[in-house]
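S.K.:
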Amino acid sequence: MDVNQLFWQASIDDIKQGYTEERTHFTCLLCGETIEKGIIYPHEGVLYEAEKFMQLHITATHQSVFHYLNGLNKKMTGLTDHQSHILRLFYEGKTDQEIKEELEIGSATTIRHHRFALKEKERQAKTFLAMMELLKEHDEKVDTFVPIHKTATMVDDRYNITLTEEQQLLEKFFPSGIGKELVRFPKREKHKIVVLRAITKLLDDSKHYTEKELTAIIQPIYEDYVQIRRYLIEYGFMNRKDDGSAYWVKK
């Protein structure tokens, strides 16, 4: 399953720990890394069981689940940049006075106001989440929306598309199947997302590609491979080194 879909379908408890457990392995919800069960993993002279090694992976790769989530696009978190900054300082154990001095704003009373505002946001989020769960249980006919990739650079109405609509568009733009020729690159933003998402799934998210290797994958699909490559970067599906020597799927 796509790591973005896995992330959005995960329970709150699984998101908090940063990984899910399957019968044979653990999967990191933040990047898709899998750790196989039944294997002992050595690291810096210490031996780790699979779950402990997954926890080590999250710390080494993402610092913490909190830091990863706090670094997501503001459309994903619902927080302003200022709120994200203050929340991180709270998480790091800073006192109100220390935060006031670091941010050079207001007074300790102002910081306490921010704490209260975030608590209010938490209460609202719990209420809304419960309402959405009840809605899903009540109306089983509601179609599922395409999950937004966590590295999206522009989160707006262009992601307002259901899985049913996505499948219809894929059949329209890839009549011979995904990975075959793209009949044309769409002009509508939400259609672009569908096409770019499909092309991204053809790539190995654990690999760094040279420009030549990436071109070899895209060019048989669409002749203007430069345009596709540019949009993959622009829409947050891929990243690259400044000199263009390496491209990789963002996770």
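When we follow UniProt numbering, the leftmost residue of the sequence shown carries the number 1, and every step to the right adds one. Here a beta-carbon is modelled for each residue, glycine too, at the ideal position from N, C-alpha and C. Just so you know, these numbers come straight off a predicted model, no measurement behind them.
1) Using a 10 Å radius around the Cβ and a threshold of 16 neighbouring Cβ atoms, would you call HIS57 buried or exposed?
2) I'd like the list of long-range same chain contacts for GLU189, defined as Cβ closer than 7 Å, with 5 residues on each side in sequence excluded.
3) Do GLY32 and ASP242 come within 8 Å of each other at the CB atom, strictly closer than that value?
4) Among TYR235, GLU49 and GLY93, which residue has its Cα nearest to the Cα of VAL155?
5) Based on DSSP bridge pairs, tell me the residues matched to MET131.
6) Taking the straight line between their C-alpha atoms, what separation do you get for GLY177 and ARG184?
7) So GLU166 is in the alpha helix (DSSP H); what residue range does that whole segment cover?
8) Just the C-alpha distance for LEU47 and TYR41, rounded to the nearest angstrom, thanks.
9) Once DSSP output is grouped into helix, strand and coil, what is the label at THR95?
10) From this set, ASN70, GLN9, MET238 and GLU211, which residue's C-alpha is nearest ALA198's C-alpha?
11) According to DSSP, which residues form a beta bridge with THR34?
12) Taking one C-beta from the segment 160-177 and one from the segment 80-99 each time, how about it: are there three or more such pairs within less than 8 Å?
13) Please report the straight-line C-alpha distance between LEU89 and GLN219, rounded to a whole angstrom.
14) Inspect the beta-carbon positions of TYR231 and LYS192 and report whether they are closer than 8 Å.
15) Rounded to whole angstroms, what's the CA-CA distance from residue 252 to CYS28? Just pull it up for me.
16) Given this structure, state the Cα-to-Cα distance separating VAL3 from ALA10, to the nearest angstrom.
17) In chain order, what are the residue ranges of uninterrupted alpha helix (DSSP H) at least 4 long that sit wholly in the UniProt domain "DUF2087" (182-249)?
18) Closest to LEU72 by CA distance: which of TYR247, LYS150 and ILE12 is it?
19) Would you kindly report the start and end of the unbroken alpha helix (DSSP H) that includes ASP65?
20) Select from GLU133, ILE86 and THR153 the residue whose C-alpha is nearest the C-alpha of MET76.
21) Sort out for me which residues DSSP pairs PHE145 with in a bridge.
22) Within 10 angstroms of the Cβ of TYR19, are there 16 or more other Cβ atoms? Answer buried if so, exposed if not.
23) So what does DSSP say about residue 259, is it helix, strand or coil?
24) Quick one: Cα of LYS126 to Cα of GLN167, how far?
25) Closest to TRP8 by CA distance: which of GLN63, GLU22, LEU30 and ILE111 is it?
M.R.: Inspection of the coordinates gives the following:
1) Around the beta carbon of HIS57, a 10 Å sphere encloses 16 or more other beta carbons of the protein chains shown; the residue is thus reported as buried.
2) Correct list, in chain order: ARG158.
3) No. Outside cutoff.
4) Residue TYR235 is the option with its Cα nearest to VAL155.
5) DSSP output for MET131 lists no bridge partner at all.
6) In a straight line, the C-alpha of GLY177 is about 14 Å away from that of ARG184.
7) Taken as a continuous stretch (DSSP letters only), the alpha helix (DSSP H) holding GLU166 covers 163-173.
8) So the two alpha carbons sit approximately 6 Å from each other.
9) Residue state, collapsed to three classes: coil.
10) Nearest of ASN70, GLN9, MET238 and GLU211 to ALA198, Cα basis: MET238.
11) Checking the DSSP bridge columns, you'll see THR34 partnered with THR27.
12) Three or more beta-carbon pairs separated by less than 8 Å are not found between the segment 160-177 and the segment 80-99, which leaves the two stretches without contact.
13) Each residue's Cα considered, the two are about 47 Å apart.
14) Cβ atoms of TYR231 and LYS192: closer than 8 Å.
15) Absent from the structure is residue 252, since the part of the chain shown begins at 1 and ends at 251.
16) Whole-angstrom Cα-Cα distance: 10 Å.
17) Segments of the alpha helix (DSSP H) lying fully in the UniProt domain "DUF2087" (182-249): 189-200, 211-218 and 225-234.
18) Its Cα nearest to that of LEU72, the residue LYS150 stands out among TYR247, LYS150 and ILE12.
19) Note on identity: in this sequence residue 65 is Val, with Asp being the wrong assignment. Unbroken alpha helix (DSSP H) run through VAL65: 65-70.
20) When each option's Cα is compared against that of MET76, the closest is THR153.
21) In the DSSP output, where bridge partners are listed per residue, PHE145 has THR162.
22) Buried.
23) Any answer about residue 259 is impossible in this case: the structure gives the chain only from 1 up to 251.
24) Rounded to whole angstroms, LYS126 to GLN167 spans 32 Å at the Cα level.
25) When each option's Cα is compared against that of TRP8, the closest is LEU30.
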